[in-house]
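Residue 122 in the numbering used here sits at position 122 of the sequence shown; the count goes up by one each step and never skips. We put the CB at the ideal spot given by N, CA and C, even for glycine.
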Amino acid sequence: MLSRQSACALCLAATVIIASGARADDEIQVYNGDINEVGKWSVQKHFNYAISGRKEPEFPGGLIPNHTLNGTPEFAYGVTPWFEFGFYIPYAVDRDGFHSNAGKIRFLFVTPDAGKRDFFYGINFELGYALSKFSETKWNMEMRPIIGWRFGAYELIFNPIVDVGFGEAGEVTFVPAARFARKLGEDLAIGIEYYTDLGPIGHFLPLKEQGHNIFGVVDFKVADVEVNFGIGYGLTEGSDRWMAKMILSKDLDFGEPAGKVNPPPRRLVTK
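Written as structure tokens, this is what we have:
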């Protein structure tokens, strides 16, 4: 584990990186089935940046991915051993300034103790309201199945994601993602993550127009903050050529509930 001085340096470096921009994906992440303990909150901060991205928006009036920062604070709460609730407050910063993207809620269902199982599965549902800079449809939904295996220090995870846009301009698109990683220590892992955007189900885009990005990633811990950092390369014309991403995760401790008083220690009574 790194020192607190290193943590401050990392946060400063992250600020420098994200101050220059990111792309329109609010998450570049493969879900691994881990959820919060019952009654516990956590926060994640997503930063995605197109170092060299597409120069045209995906639709008229949309964000131009090149040099556009995408940031997403995400809060999650463990409801049961198999259910976690969360909500997002996504935004973007481009050459025209700051753009809010309203918000999303999510419902994540997984096998209990997924982080300790050799085989695990689950599904995540997200419902979001998007503004015109981000989507041609105001209401959108994501369905993200989670299927994973662990073999000793190795893990292989698939997220065959389906995105649904509601309304006249809405489509049902297939955007699968995958991760293969090796654990090197208690708080250190390296791996490869693969993200795609194949287009509408039943009418996939031509290969050169599809999104295909491969990332080299490293997971580590700085003090009590978990870090996922990656550099990605686009394999097709429909992809951003070079990408950077960072996810900072931290458990939140709100202490004892208000009004709760711990009972005094019991005294040992002898006769």
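- Per DSSP, the beta bridge partners of Leu-69 are Tyr-49 and Val-93.
- Assigned with DSSP and collapsed to three states, Leu-127 falls in strand.
- Taking a 10 Å sphere around the C-beta of His-99, we find 16 or more other C-beta atoms and assign the residue as buried.
- For Thr-137, there is no enclosing beta strand (DSSP E), as DSSP gives it neither H nor E.
- For Thr-80, DSSP records a beta bridge to Phe-83.
- One alpha carbon belongs to Ile-123, the other to Pro-57, and they sit about 30 Å apart.
- Cβ neighbours of Val-225 within its own chain (closer than 6 Å, five residues either side excluded): Leu-248 and Lys-250.
- Remark: C-beta atoms of Gly-232 and Gln-210 do not approach each other more closely than 9 Å.
- Excluding sequence positions up to five before and after Leu-235, its CB lies within less than 8 Å of the CB of His-212, Asn-213 and Ile-214, all in the same chain and listed in chain order.
- Within 10 angstroms of the beta-carbon of Arg-150 lie 16 or more other beta-carbons, which makes it buried.
- Looking at the backbone, the Cα of Asp-94 and that of Ala-50 are separated by about 11 Å.
- In the DSSP assignment, the residues bridged to Glu-155 are Arg-150 and Ala-181.
- Residue pairing for Ser-100: DSSP places it in a beta bridge opposite Tyr-91.
- Distance from the CA atom of Asp-113 to the CA atom of Phe-83, rounded to whole angstroms, is 11 Å.
- Between Ile-105 and Phe-134 a beta carbon distance of about 16 Å is seen, past the 8 Å cut, so the two are scored as non-contacting.
- Beta bridge pairing from DSSP links Lys-250 with Val-43.
- Annotation: the continuous beta strand (DSSP E) that includes Thr-173 extends over 172-174.
- With contacts defined by Cβ atoms closer than 9 Å, Glu-155 and Gly-185 do not form a contacting pair.
- In this model, Val-110 and Tyr-121 are separated by some 6 Å (Cα to Cα).
- In the three-state DSSP reduction, Glu-74 falls in the strand class (E or B).
- Judged by DSSP in its simplified three-state form, Glu-58 adopts coil rather than helix or strand.
- Annotation: Pro-200 to Glu-171 spans about 6 Å, alpha carbon to alpha carbon.
- Around the beta-carbon of His-203, fewer than 16 other beta-carbon atoms lie within 10 Å, marking it exposed.
- Between Lys-40 and the set Phe-107, Tyr-77, Gly-115 and Glu-193, the nearest pair of CA atoms involves Tyr-77.
- By the neighbour-count criterion, in which 16 or more other beta carbons inside 10 Å mark a residue as buried, Glu-37 falls on the exposed side.
- Between the alpha carbons of Ala-153 and Ile-146 lies a gap of roughly 19 Å.
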